[in-house]
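Trainee: Residue numbers (the working numbering), protein chains in the order written: chain V, 450 to 1042; chain A, 450 to 1042. Backbone N, C-alpha and C define an ideal beta-carbon position, used for all residues, glycine too. Pasting a structure here, questions to come.
2 protein chains.
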Amino acid sequence: MPAYKAPLKEINFITNELFDFDQHYQSLGLGDSVNTETREAIINEGAKFCEQVLAPLHQSGDEEGCHWSSEGVTTPKGFAAAYAEYVEGGWPSLSMPEEVGGQDLPHSLNIAVGEIMGQANHAWAMITALTSGARQTLLAHGNTFQKEHYLTKLASGEWTGTMCLTEPQCGSDLSFLKTRADDNGDGTYAITGTKIFISGGEHDFTPNIIHIVLARLPGAPEGTKGISLFLVPKLLHGADGTDGSELKRNAVSCGSLENKMGIHANPTCVMNFDGATGFLIGEANRGLNCMFTFMNSARLDTSLQGLTHSELALQGALGYALEREAGRSLRGPQSPDRPADSLMVHPDVRRMILTIKSFSEGARAFIYYVAQLSDLEKSGDELSAKLMGFLTPISKGFLTECGIEAANIGVQVFGGHGYIKEWGMEQNVRDARIATLYEGTTGVQSMDLLGRKVLIDGGQTFAAFIAIIRESYPDIDTDFLPALEMQIDQWEALTHAIMSNAAGNIDELGASSFDYLMYAGYTVLAWFWARMASVAKANSEKSDTAFYRSKVETADFYFKKILPRSQALKIQIENGSAVVMASSIDDFKDLIA
Amino acid sequence: MPAYKAPLKEINFITNELFDFDQHYQSLGLGDSVNTETREAIINEGAKFCEQVLAPLHQSGDEEGCHWSSEGVTTPKGFAAAYAEYVEGGWPSLSMPEEVGGQDLPHSLNIAVGEIMGQANHAWAMITALTSGARQTLLAHGNTFQKEHYLTKLASGEWTGTMCLTEPQCGSDLSFLKTRADDNGDGTYAITGTKIFISGGEHDFTPNIIHIVLARLPGAPEGTKGISLFLVPKLLHGADGTDGSELKRNAVSCGSLENKMGIHANPTCVMNFDGATGFLIGEANRGLNCMFTFMNSARLDTSLQGLTHSELALQGALGYALEREAGRSLRGPQSPDRPADSLMVHPDVRRMILTIKSFSEGARAFIYYVAQLSDLEKSGDELSAKLMGFLTPISKGFLTECGIEAANIGVQVFGGHGYIKEWGMEQNVRDARIATLYEGTTGVQSMDLLGRKVLIDGGQTFAAFIAIIRESYPDIDTDFLPALEMQIDQWEALTHAIMSNAAGNIDELGASSFDYLMYAGYTVLAWFWARMASVAKANSEKSDTAFYRSKVETADFYFKKILPRSQALKIQIENGSAVVMASSIDDFKDLIA
Chain V
450 MPAYKAPLKE INFITNELFD FDQHYQSLGL GDSVNTETRE AIINEGAKFC EQVLAPLHQS
510 GDEEGCHWSS EGVTTPKGFA AAYAEYVEGG WPSLSMPEEV GGQDLPHSLN IAVGEIMGQA
570 NHAWAMITAL TSGARQTLLA HGNTFQKEHY LTKLASGEWT GTMCLTEPQC GSDLSFLKTR
630 ADDNGDGTYA ITGTKIFISG GEHDFTPNII HIVLARLPGA PEGTKGISLF LVPKLLHGAD
690 GTDGSELKRN AVSCGSLENK MGIHANPTCV MNFDGATGFL IGEANRGLNC MFTFMNSARL
750 DTSLQGLTHS ELALQGALGY ALEREAGRSL RGPQSPDRPA DSLMVHPDVR RMILTIKSFS
810 EGARAFIYYV AQLSDLEKSG DELSAKLMGF LTPISKGFLT ECGIEAANIG VQVFGGHGYI
870 KEWGMEQNVR DARIATLYEG TTGVQSMDLL GRKVLIDGGQ TFAAFIAIIR ESYPDIDTDF
930 LPALEMQIDQ WEALTHAIMS NAAGNIDELG ASSFDYLMYA GYTVLAWFWA RMASVAKANS
990 EKSDTAFYRS KVETADFYFK KILPRSQALK IQIENGSAVV MASSIDDFKD LIA
Chain A
450 MPAYKAPLKE INFITNELFD FDQHYQSLGL GDSVNTETRE AIINEGAKFC EQVLAPLHQS
510 GDEEGCHWSS EGVTTPKGFA AAYAEYVEGG WPSLSMPEEV GGQDLPHSLN IAVGEIMGQA
570 NHAWAMITAL TSGARQTLLA HGNTFQKEHY LTKLASGEWT GTMCLTEPQC GSDLSFLKTR
630 ADDNGDGTYA ITGTKIFISG GEHDFTPNII HIVLARLPGA PEGTKGISLF LVPKLLHGAD
690 GTDGSELKRN AVSCGSLENK MGIHANPTCV MNFDGATGFL IGEANRGLNC MFTFMNSARL
750 DTSLQGLTHS ELALQGALGY ALEREAGRSL RGPQSPDRPA DSLMVHPDVR RMILTIKSFS
810 EGARAFIYYV AQLSDLEKSG DELSAKLMGF LTPISKGFLT ECGIEAANIG VQVFGGHGYI
870 KEWGMEQNVR DARIATLYEG TTGVQSMDLL GRKVLIDGGQ TFAAFIAIIR ESYPDIDTDF
930 LPALEMQIDQ WEALTHAIMS NAAGNIDELG ASSFDYLMYA GYTVLAWFWA RMASVAKANS
990 EKSDTAFYRS KVETADFYFK KILPRSQALK IQIENGSAVV MASSIDDFKD LIA
């Protein structure tokens, strides 16, 4: 397995040259407190930890997996120690406010740290990412007691957090969630029910685990409007959970671990709540609204995983293709003194490498753009909040689909060797496969995008985003501008056509949602590639010319060899919903009778 | 995990209604010896064995895997016993000629049996498929001694066979193959070298294993023109291998097993040949030509695996989607008395189901068409041989890529549950992943197609195939004919354009080869879907209307929602090779320096 290297040059290109994070932070009123130097120092320090501590545990963690016993769950060798080192380094509190013991740095910086930690060890980093989601939920919706007693410990990393939504009978559709919350009459609730697919629900990283749990109060309205959110700690402060004295075991436990395709090193738990003591977060019956804070955080982190799997495929495949020799160029031998030419002489190998390169570097630009929006949203900017809402399903849905494709290409470049565990490429495929499933499947993202974020929004946020893209035209290199303009105009027309068709036939929405999400993804990535190429061209006079040349060439490749996929998607969308809806369910049943 | 059901109705539709195998066999001069009744009796018997014996071992075999010791390799519990039952049933000798103890049935019947065995248990069936390749190689190129002493035992299934090509330093490119064959002066050779990725190289199914091995004679020409083919048995007849007396251990052994992503139940062996006694097959230095018999057989069997993984995804996902309830139709509740509607009300779920249905049933038509060609080829028909050569890389490359996509969709329909081992969908993804790698990667297939089978052939076979398609137009339903005609005309123009561009710049070939192979695959499948829909429409007056309705609806879906992908591929091809070849290898090296 190739040693992971944090892509510092790429991150610096995005944060310094493409987006100018210095200027961004100044506009947030942070002055010079997080200038280029500070940022790079933090990321470099993170890179050391990722390369030296986390990455060496990535493959061994997959092989060993997690261990369940009635006493609890142990993670693979080295995982808990790595977590202790992470806490020691102060990483958990990076973007938490000072009042809960945090370092008050912008959230976007967390994204950069999250990128490299996830790449070094997806399964390990999931626990830190979910804890971050729990922190943000309590920060936004928790009361003073919850912040003081629980959020501070989550901020320091002393404790970790989980998100408990899914139940055996419901995942994507939470309306028939059954977990019950009975009022104990003392300000606490007794939580009873079973949650499944709880990542990091039980482990040996920390003594306490704070579960953020969706449950239903007695007599609550049916459906999603009767769901409330609760904080349910594994260990409680004293008998009634309020007095801050010695910690006491709560009635929540891990019943078993799931046996999964990948992310073996992350314990995916069945969690049993047997009248466990919980605290209401926010208002009763408004739990789903509070949980959206968590879900949006988790979705952005999952987008990051799309980047992760593309980047790992690129590092592995490019290294291998440059080293391995096989066959001869059809142009004639390129290395006549060697028994064969480099794999890189073959156009089809280059196609594969450039595809994953365009996904990985395009995804990074996309995500760091959203990260900036998340800073602006936190500072109260409404448009940024809306743009985040619009872009989150695209980045989550599209980038994780790209991650799976990239991971598969990573294997393909290695040929038969890619199928063997030692190279790490097949683990990347297995790990990547979860990303289009959890935190809302691609189908769920695509309906969120086209239903909620486009149609219900009346196309306003879409229009605002298109306007921002058009405002950037003066900075786009003329080699890319015409193709970009054509694409954006087409996107606009296509979006309006779907909105108008859906008004007459609501199935048009669902039948085109996946294709639309992918179309949107390819289009947004085209914008970022055009911008990256433009910046690279402008900077290509600098000394590091191979880096900039490659950026322009990859952008060229993206426009000519990847973006055309959007034209197939457009035709498919225009071909409508009739062929999707024609068969009756009874006919389908008859087929397997 | 859903129980596997052999898709008998689908196989009957293809063999009786779409292609009229009765008429096909009569045209081969077989009279009524293999009429509908015989065929169905054989397939039904095979289905019982597959459903009752092989399928129950599919998941347990994956979990247990194979075990290596210095004594040999054992396969998972039940595998060897299932093999004994397979031999007992007379399945190995189905299409072998009578002179080696076979039943002399047509090869195409083997394909139908191979389909259901592979679907029931991919890892198990690989050993039978490779043995079939070894049989065909000896039948075509073996001498009387080899046929009498070895082929008869392979035909009966008493022994199994392998294909030994790959070495650590070479896979796709066999030109620097190192395994040595020294003349023993007694008609035998001493084979020395290491072969890797040998499926079924060692196991406990049979006492003897016949390795078909590529090796180099001393002083042979360099490159692929100095490679010869050898028969190297694990157990030899007597000391010199010739006297037919007691079997004696040969100097060939399994050094270790590979630790793989999937097909865990198939032992992938590193094979060490330590001066092992071997027999030359065919002429010296013409080994690669003889091996092509084996490779073509293996490639057709791998195409079948593309169908396998699509079919398994379909059976799993359709069953789940019909059973699972989540969410409500946007049209309003369709099952108001239930807590939620069926998954099948959601257009995006239908899109996924119909995609894998169109792949699975389209693949079956494609493969059975090629199976007919293989009968005709064996009967000496030259055009059929050429058409086989043209269609094999398309079916192998395209259908296995579809198999991976289908397997991934199979997981996606299950949501998070698809990622859990118990449902079997993730195993399907892991098993499917090998099929685009072994027996020539998709890249190798695509260069075989565009380089050898189109360009070097001067487009003659392509033209012959297009002519056959056009001859079928009178039988194509008018709902599908215009779209099919347009597609075929476009394929023709695109092929000519590539041929002419490649004459000026050979990189055009490699840079468009993958896209061209996929374009060809989508186009060929469109032909079969148009034909299937036409037959189904004509037959829709019969009682089983849901089956025929669904055929027509799936064809509609294919033309409107899948075939448009070819338009993106066309644009990508037309965008040329420049963006693929622009970067220098040094620039790539610089990126990871």
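Name, going along the chain, the residues of the segment 1000-1015 of chain V whose beta-carbon falls closer than 7 Å to a beta-carbon of chain A.
Mentor: Residues passing the 7 Å Cβ filter: Glu1002, Asp1005, Phe1006, Lys1009, Lys1010, Pro1013 and Arg1014.
Trainee: Assess contact between the segment 519-528 of chain A and the segment 499-511 of chain A, defined as three or more Cβ pairs (one per stretch) separated by less than 8 Å. Is contact present?
Mentor: Flag = yes, the segment 519-528 of chain A and the segment 499-511 of chain A touch.
Trainee: How many angstroms separate the CA atom of asparagine 559 of chain A from the CA atom of arginine 799 of chain V?
Mentor: Taking the straight line from one Cα to the other gives about 39 Å.
Trainee: Which residues mark the beginning and the end of the alpha helix (DSSP H) in which lysine 986 of chain V is found?
Mentor: Unbroken alpha helix (DSSP H) run through lysine 986 of chain V: 956-988.
Trainee: Please name the residues in the segment 734-746 of chain A whose beta-carbon is closer than 8 Å to at least one beta-carbon of chain V, in chain order.
Mentor: So the list is empty, because no residue satisfies the distance condition.
Trainee: For my contact list, glycine 970 of chain A and isoleucine 843 of chain A are in at a C-beta cut-off of 8 Å; report their separation, rounded to the angstrom.
Mentor: Confirmed, about 5 Å.
Trainee: Note down the Cα distance separating tyrosine 453 of chain V from glutamine 861 of chain V, rounded to an integer number of angstroms.
Mentor: If I take the Cα positions, the gap works out to 19 Å.
Trainee: Would you identify the three-state DSSP class for asparagine 721 of chain A, choosing helix, strand or coil?
Mentor: In the structure shown, asparagine 721 of chain A sits in a strand (DSSP, three-state: E or B).
Trainee: Given this structure, state the Cα-to-Cα distance separating isoleucine 905 of chain V from isoleucine 802 of chain A, to the nearest angstrom.
Mentor: Computed Cα separation, rounded: 28 Å.
Trainee: Using a C-beta to C-beta distance shorter than 8 Å, which residues of chain A count as neighbours of threonine 885 of chain V?
Mentor: Within chain A, the residues near threonine 885 of chain V are Gln861.
Trainee: Would you grab the beta carbon distance between leucine 706 of chain A and tryptophan 872 of chain A for me? Rounded to a whole angstrom, and I think it's under 8 Å.
Mentor: Rounded, the Cβ-Cβ distance is 27 Å, inconsistent with contact.
Trainee: Taking only runs of the alpha helix (DSSP H) that begin and end inside the segment 726-779 of chain A, which ones reach a length of at least 4 residues, in chain order?
Mentor: You should have 736-772.
Trainee: Could you tell me how far apart the beta carbons of serine 746 of chain A and serine 581 of chain A are, in whole angstroms, since I believe they sit closer than 8 Å?
Mentor: Rounded, the Cβ-Cβ distance is 6 Å, consistent with contact.
Trainee: Tell me the DSSP secondary structure of leucine 479 of chain V in three-state form.
Mentor: Coil.
Trainee: So glycine 867 of chain V contacts chain A; which residues on that side make the cut at Cβ distance below 9 Å?
Mentor: What glycine 867 of chain V touches in chain A: Met710, Arg882 and Leu886.
Trainee: Does DSSP put serine 791 of chain V in a helix, in a strand, or in coil?
Mentor: Note: serine 791 of chain V maps to strand in three-state DSSP.
Trainee: Thinking aspartate 797 of chain V and serine 895 of chain A are a contact (beta carbons under 8 Å), I'd like their distance in whole angstroms, please.
Mentor: Rounded, the Cβ-Cβ distance is 7 Å, consistent with contact.
Trainee: Taking C-beta to C-beta, are glutamate 888 of chain V and methionine 710 of chain V nearer than 8 Å?
Mentor: No, these two residues do not count as a Cβ contact at 8 Å.
Trainee: Taking any Cβ of chain V, which residues in the segment 966-981 of chain A have a Cβ under 8 Å from it, in chain order?
Mentor: Per Cβ criterion, the list is empty.
Trainee: Tell me whether arginine 882 of chain A sits in a helix, a strand or coil according to DSSP, three-state version.
Mentor: Of the three classes helix, strand and coil, the one that applies to arginine 882 of chain A here is coil, per DSSP.
Trainee: For glycine 478 of chain A, is the classification buried or exposed, using 16 other Cβ atoms within 10 angstroms of its Cβ as the cut-off for buried?
Mentor: By the 10 Å Cβ count, glycine 478 of chain A comes out exposed.
Trainee: Check the C-beta distance from cysteine 613 of chain A over to isoleucine 647 of chain A and give it rounded, since I have them as a contact under 8 Å.
Mentor: Contact flag correct, Cβ pair sits at about 6 Å.
Trainee: If you follow the alpha helix (DSSP H) that serine 952 of chain V is part of, which residue opens it and which one closes it?
Mentor: According to the sequence provided, residue 952 of chain V is alanine. The question's serine does not apply to it. Where alanine 952 of chain V is concerned, the enclosing alpha helix (DSSP H) stretches over 930-953.
Trainee: From which residue to which residue does the alpha helix (DSSP H) around serine 999 of chain A run?
Mentor: Per DSSP, serine 999 of chain A belongs to the alpha helix (DSSP H) from 994-1006.
Trainee: Find the residues of chain V that neighbour aspartate 1036 of chain A, judging by a C-beta separation of less than 7 Å, and give them in chain order.
Mentor: Within chain V, the residues near aspartate 1036 of chain A are Ala995, Arg998 and Ser999.
Trainee: Report the three-state DSSP secondary structure of tryptophan 517 of chain V (helix, strand or coil).
Mentor: The answer is strand: DSSP assigns tryptophan 517 of chain V an E or B state.
Trainee: Determine, using beta-carbon pairs with one atom in the segment 756-776 of chain A and one in the segment 992-1004 of chain V, whether at least three such pairs fall under 8 Å.
Mentor: Segments in contact, no.
Trainee: List the whole-angstrom C-beta distance separating phenylalanine 679 of chain A from phenylalanine 728 of chain A, where the pair is believed to meet the contact cut-off of C-beta under 8 Å.
Mentor: 6 Å between Cβ atoms; contact.
Trainee: Could you tell me the alpha carbon to alpha carbon distance between glutamate 547 of chain V and threonine 601 of chain V, rounded to whole angstroms?
Mentor: Near 10 Å, if we compare the C-alpha coordinates of threonine 601 of chain V and glutamate 547 of chain V.
Trainee: Is the segment 556-572 of chain V touching the segment 484-503 of chain V, taking contact as three or more C-beta pairs under 8 Å?
Mentor: Touching, yes, given that three or more Cβ pairs across the two stretches are closer than 8 Å.
Trainee: Residues in its own chain within less than 7 Å of tryptophan 608 of chain V by CB, not counting five upstream and five downstream?
Mentor: Same-chain partners within the cutoff: Lys602, Thr655, Asn657, Ile658 and Ile659.
Trainee: Quick test of your reading: alanine 855 of chain V and serine 809 of chain V, contact by CB under 8 Å. State the CB separation rounded to the nearest angstrom.
Mentor: That pair is a contact at about 7 Å.
Trainee: Got a sec: is the Cβ-Cβ distance from asparagine 657 of chain A to anything in chain V below 8 Å?
Mentor: Chain V, which has no Cβ nearer than 8 Å to the Cβ of asparagine 657 of chain A, makes this no.
Trainee: Within the 8 Å Cβ cut-off, does cysteine 619 of chain V reach chain A?
Mentor: Yes - at least one Cβ of chain A is within 8 Å of the one on cysteine 619 of chain V.
Trainee: Would you say methionine 1030 of chain A faces chain V, with C-beta separation under 8 Å as the test?
Mentor: True, the Cβ-Cβ gap to chain V drops below 8 Å.
Trainee: What is the rounded straight-line gap between the Cα of arginine 1014 of chain A and the Cα of proline 931 of chain V?
Mentor: Distance between the alpha carbons of arginine 1014 of chain A and proline 931 of chain V is about 24 Å.
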